[in-house]
Structures are given as C-alpha cells and as structure tokens.
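Comments concern the structure below.
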Amino acid sequence: MTEDHVQDSTRYELVTLANGTRSIRDLESGETFHPVIGPAAEAEALYVRQLRLPQRFRAGSGDFVLWDVGLGAGANVLTALRSLNRIPGRLHILSFDQTLEPFRFAVRHADELGYLGELRDLAAIIASGKGCHAFSLGPLSVTWETRLGDFPTLLQRQLPSLPAPHAVMYDAYSPMRNPDMWTLPLFERIHAGLDPRRPCALPTYSRSTILRVTLLLAGFFVGVGHATGEKEETTIAANTLDLIDEPLDRRWLDRALRSHSAEPMFKPKWQVSPLSLQSRDRLRRHPQFVAG
Ligand SMILES: C[S@@+](CC[C@H](N)C(=O)[O-])C[C@H]1O[C@@H](n2cnc3c(N)ncnc32)[C@H](O)[C@@H]1O
Numbered sequence: 007m008t009e010d011h012v013q014d015s016t017r018y019e020l021v022t023l024a025n026g027t028r029s030i031r032d033l034e035s036g037e038t039f040h041p042v043i044g045p046a047a048e049a050e051a052l053y054v055r056q057l058r059l060p061q062r063f064r065a066g067s068g069d070f071v072l073w074d075v076g077l078g079a080g081a082n083v084l085t086a087l088r089s090l091n092r093i094p095g096r097l098h099i100l101s102f103d104q105t106l107e108p109f110r111f112a113v114r115h116a117d118e119l120g121y122l123g124e125l126r127d128l129a130a131i132i133a134s135g136k137g138c139h140a141f142s143l144g145p146l147s148v149t150w151e152t153r154l155g156d157f158p159t160l161l162q163r164q165l166p167s168l169p170a171p172h173a174v175m176y177d178a179y180s181p182m183r184n185p186d187m188w189t190l191p192l193f194e195r196i197h198a199g200l201d202p203r204r205p206c207a208l209p210t211y212s213r214s215t216i217l218r219v220t221l222l223l224a225g226f227f228v229g230v231g232h233a234t235g236e237k238e239e240t241t242i243a244a245n246t247l248d249l250i251d252e253p254l255d256r257r258w259l260d261r262a263l264r265s266h267s268a269e270p271m272f273k274p275k276w277q278v279s280p281l282s283l284q285s286r287d288r289l290r291r292h293p294q295f296v297a298g
C-alpha cells in the first residue's frame, strides 16, 4: 500500500493498493478492506466465482437468499448483484453490519473506488438506511434488506425469522481484531440457520487452522478455497460436500491434530492453543473424515 490516501471521515480513508486500485481503510481497526487485489477483483474471485453464483441462481427456482455478512463498503454485494443482473429470477439479499458508515463513505467516493459503477444511485438509496428495498435490474427482481447491529446478538434474537441462505459471503475483520465474529458458538448458530434441504456455501478469506476447525465443529463440511491474488488459499464451508471442490482431507486433519494453533474460540477473545481432547475427538468423528 502506498501512502496516497484521502480522508473525509474520522474513521475511514481511501487508500491505493500496490496494484493501483483504490480501497478503504478503517482507521479504528487498522484494517484495509480487500487489501490484496482490490475490492471488485477479490469479491469476484472469492465470492462470485467460488459460490458459482450465476450458475446456481440460474438453476434455482423461487427466491435465492444471499447473506452478506459484513456489508462494509458494499464491494462484495454490488459485485454479486452485477453478476446476476441479466438473469431472470428473484434475489433476496440480507446485508448485515453494525454500521452503514463505510457504505456511505464508498458512495461519496464512488468515482475513485470504481466498483459502484452504474449501481451508485442504488447504493446511495441502500446507504440511506431505510432497511428494506424492492426493485428490478432488468429481468432480476431484488429484495435487499439491511440488518444493522451486532451480528452475533442479532442472530441470537432473529435467527428463527431469517430466511435460510443459499449462499453466505462472510467478510468480517480478522479474527485477531474482530474475535466476536469468529467464535464457535456464532458459527454453530449460523449452521443452525441453514435449511438442510437447501444447499448453502460460505466462503471466507482466511485459511487458518483455527477457522477451519471452528467451521467443522460447527457442523459444516470444509474445503480449500480458491486463491485470491497473493493468497494462495482461502476457505469454503458448506452444508453439503457437493458445493466443495477440494474437501480438507486426512492429511489436513493430521496436521491440525499436531498444530499449536487450532482450538476454536468459545468466547470472543483471541487466543491460540492446540486442540483440546474434546475438540480432537469431535474432529476425528466428523463425517468428512470418517471413511465412507
Ligand atoms: C472487512 S469489512 C467488510 C467489507 C465488505 N464486505 C465490502 O465488500 O466492502 C468488515 C465489516 O464487518 C463489520 N463488523 C465487524 N464486526 C461486526 C459485528 N460484531 N456485527 C456486525 N458487523 C460487524 C464491520 O463494521 C465492517 O464493515
């Protein structure tokens, strides 16, 4: 990242990445959104392509439900929307965040950021914070809801009323800075919100053993995710192996069992430790590793 930055908010600033694209940095957490290859390219590689979004949307019937966890500056959700806007069908987006500030910041800097493009006016309406919007983009009918508040608390209170997702774009800050978004109880709750008859995948940018163990113990199947730029691996979780190209195998399990950094966080406090006896036992008995 260069030192070229623009700031018109006390919390967010524009930064220029090494490849020349612009992104946003949150000064409070110290984290840059999509820091490696930039907002649109990362959203495309990590979420749109990996979720096979257009193919699955085209093949479905009824509402396709997309959870956008960590709306942030909207790069993931707008890139997903753009990938679907020539396909007839109904899309229901639920965007979760504790604040609309980065999205408003992105709308103010739409020219520099580039990825808002023709969806800039729509983004401005969503960023105004009215909660639920229904509109059409060509043949695509969209309902886009924003659910504001602390995501773990919101899930605890609203899970029964939330439509089960077909796809989840999971994009919180890093586990070290944002441990509340990466605990085992939270992923267990997300898993409980899925419909076992509705295939659902959840990619995310981390490839850490702690995250993968957390997802497995929460009940997901877990695989190696696509590379995004310099990150040679990410992670994809799903409630069916059919949505995972490269499931974690027994060699990965052996490494996890030996790792010094594998135990999930049970509470929102960053910690690094080897697997407990109970977690080892549960992991060994996970259907993904039990010979079929
Ligand atoms: C890396 S940014 C998301 C970037 C975004 N997906 C995009 O495409 O621009 C992470 C987001 O997670 C949100 N977040 C962090 N902790 C949260 C929490 N406990 N509840 C809800 N949102 C949270 C932050 O406010 C921030 O906007």
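Using the numbering used here, the final residue of the sequence shown is 298, and nothing's skipped along the way. Don't be surprised by glycine CBs; every beta carbon is placed ideally from N, CA and C. Quick caveat: nothing in here was measured; it's all calculated off a predicted structure.
Near residue 171, which residues of its chain fall below 6 angstroms by C-beta distance, leaving aside the five closest residues on each side in sequence? Stepping through the sequence shown from its first residue, residue 171 is reached at position 165. If we look at residue 171 and ignore the five residues flanking it on each side, its Cβ neighbours are 71, 73, 206.
Work out the CA separation of residue 78 and residue 10 for me, nearest whole Å. Numbered from its first residue, the sequence shown carries residue 10 at position 4. Numbered from its first residue, the sequence shown carries residue 78 at position 72. Annotation note: pLDDT 46 at residue 10 (below 50); position unreliable, coordinate value reported separately. Going by the C-alpha atoms only, they are around 21 angstroms apart.
Is the distance from the Cβ of residue 18 to the Cβ of residue 175 below 7 angstroms? As a position in the sequence shown, residue 18 is number 12, starting the count at 1. As a position in the sequence shown, residue 175 is number 169, starting the count at 1. Cβ atoms of residue 18 and residue 175: not closer than 7 angstroms.
Would you give the residue range spanned by the alpha helix (DSSP H) that residue 108 belongs to? Counted from its first residue, the sequence shown places residue 108 at position 102. Note, residue 108: alpha helix (DSSP H), 107-114.
Within 10 Å of its beta-carbon, does residue 8 have 16 or more other beta-carbons around it, so buried, or fewer, so exposed? Here residue 8 corresponds to residue number 2 of the sequence shown, with the count starting at 1. Low local confidence applies: a pLDDT of 39 at residue 8 is under 50, so the model's placement there is unreliable, with the coordinate-based value given in what follows. By the 10 Å Cβ count, residue 8 comes out exposed.
Restricting to runs no shorter than 4 residues, where is the alpha helix (DSSP H) found entirely within the stretch 194-247? 215-223
Compare the beta carbon distance of residue 193 and residue 173 with 7 angstroms and say whether it is the shorter of the two. Start at 1 with the first residue of the sequence shown, and residue 193 comes out as number 187. Start at 1 with the first residue of the sequence shown, and residue 173 comes out as number 167. No, the Cβ-Cβ distance between residue 193 and residue 173 is not below 7 angstroms.
Does ligand 1 have a heavy atom nearer than 6 angstroms to the CB of residue 108? As a first step, residue 108 is located in the sequence shown; it is residue number 102 there, counting from the start. Checking the Cβ of residue 108 against ligand 1 gives yes.
Assuming residue 285 and residue 270 form a contact by the criterion Cβ under 8 angstroms, report the distance between their Cβ atoms to the nearest whole angstrom. Taking the sequence shown and counting its residues from 1, one reaches residue 285 at position 279. Taking the sequence shown and counting its residues from 1, one reaches residue 270 at position 264. Rounded, the Cβ-Cβ distance is 7 angstroms, consistent with contact.
DSSP state of residue 9, grouped into three classes? Residue mapping note: residue 9 aligns to position 3 of the sequence shown, counting from 1. Note that residue 9 scores 36 on pLDDT, short of 50, meaning its location in the model is unreliable and no value can be drawn from it.
Indicate the three-state DSSP secondary structure (helix, strand or coil) for residue 278 in the structure shown. What you label residue 278 is simply residue 272 of the sequence shown in a count that begins at 1. Looking at residue 278 - three-state DSSP - the assignment turns out to be coil, as it is neither helix nor strand.
Compare the Cα-Cα distances from residue 213 to each of 38, 258, 195, 199 and report the closest residue. Translated into the one-based positions of the sequence shown, residue 213 becomes position 207. Checking every option, the nearest Cα to that of residue 213 belongs to 258.
Need the endpoints of the beta strand (DSSP E) that residue 151 sits in, please. If you number the sequence shown from 1, residue 151 lands on position 145. Residues 146-154.
So, is residue 276 buried or exposed, given that buried needs 16 or more other C-beta atoms within 10 angstroms? For this step, residue 276 is matched to residue 270 along the sequence shown. It is exposed - the Cβ of residue 276 has fewer than 16 other Cβ atoms within 10 Å.
Measure the Cβ-Cβ separation of residue 110 and residue 133 and say whether it is below 7 angstroms. Translated into positions along the sequence shown, residue 110 becomes position 104. Translated into positions along the sequence shown, residue 133 becomes position 127. Yes; because the gap between Cβ atoms is below 7 angstroms, this pair is in contact.
Beta-carbon proximity check, residue 101 vs residue 59, cutoff 7 angstroms: What you label residue 101 is simply residue 95 of the sequence shown in a count that begins at 1. What you label residue 59 is simply residue 53 of the sequence shown in a count that begins at 1. Cβ distance not < 7 angstroms, so residue 101 and residue 59 don't count as in contact.
At a cut-off of 6 angstroms, would you count residue 81 as near ligand 1, judging by its Cβ distance to the nearest heavy atom? As a first step, residue 81 is located in the sequence shown; it is residue number 75 there, counting from the start. At least one heavy atom of ligand 1 is nearer than 6 angstroms to the Cβ of residue 81, so yes.
By how many angstroms is the C-alpha of residue 209 removed from the C-alpha of residue 250? Position 244 of the sequence shown, counted from the start, is the residue given in the question as residue 250. Position 203 of the sequence shown, counted from the start, is the residue given in the question as residue 209. Near 10 angstroms, if we compare the C-alpha coordinates of residue 209 and residue 250.
Same chain, Cβ closer than 8 angstroms to residue 105, five either side skipped, listed in chain order: Translated into positions along the sequence shown, residue 105 becomes position 99. Hits under 8 angstroms: 154.
How many angstroms separate the CA atom of residue 290 from the CA atom of residue 282? Taking the first residue of the sequence shown as position 1, residue 290 is located at position 284. Taking the first residue of the sequence shown as position 1, residue 282 is located at position 276. About 12 angstroms.
Going by the C-beta, is residue 135 closer than 6 angstroms to any heavy atom of ligand 1? On the sequence shown, residue 135 is found 129 positions in, with the first residue counted as 1. It does not: the Cβ of residue 135 is nowhere closer than 6 angstroms to a heavy atom of ligand 1.
Whole-Å CB distance - residue 20 paired with residue 41, under 8 angstroms assumed: Position 14 of the sequence shown, counted from the first residue, corresponds to residue 20. Position 35 of the sequence shown, counted from the first residue, corresponds to residue 41. With a beta-carbon spacing of about 13 angstroms, residue 20 and residue 41 fall beyond the 8 angstroms limit used to define contacts.
Taking 6 angstroms as the line, does the beta carbon of residue 127 fall inside it for any heavy atom of ligand 1? Reading the sequence shown from its first residue, position 121 is the one you call residue 127. Answer for residue 127: no, Cβ out of range of ligand 1.
Of the residues 219, 28, 254, the one placed nearest residue 122, counting alpha carbons only: Counted from its first residue, the sequence shown places residue 122 at position 116. When C-alpha distances from residue 122 are compared across 219, 28, 254, the shortest belongs to 28.
Please report the residue range of the alpha helix (DSSP H) in which residue 89 lies. Taking the first residue of the sequence shown as position 1, residue 89 is located at position 83. Its alpha helix (DSSP H) spans residues 81-90.
Taking the Cβ atom as the reference point for each residue, do residue 119 and residue 112 lie within a distance shorter than 7 angstroms? Start at 1 with the first residue of the sequence shown, and residue 119 comes out as number 113. Start at 1 with the first residue of the sequence shown, and residue 112 comes out as number 106. It is a contact, given that the beta carbons lie within the stated cut-off.
Spatial neighbours of residue 92 within its chain, please: C-beta separation below 8 angstroms, excluding the five flanking residues on both sides. Position 86 of the sequence shown, counted from the start, is the residue given in the question as residue 92. Excluding sequence neighbours, residue 92 sits near 144, 145, 146.
Going by the DSSP bridge assignment, what does residue 71 pair with across the sheet? Stepping through the sequence shown from its first residue, residue 71 is reached at position 65. Note: residue 71 sits in a beta bridge opposite 98.
Cβ atoms of residue 231 and residue 240: under 7 angstroms apart, would you say? Stepping through the sequence shown from its first residue, residue 240 is reached at position 234. Stepping through the sequence shown from its first residue, residue 231 is reached at position 225. Taking 7 angstroms as the Cβ cut-off, residue 240 and residue 231 qualify as a contacting pair.
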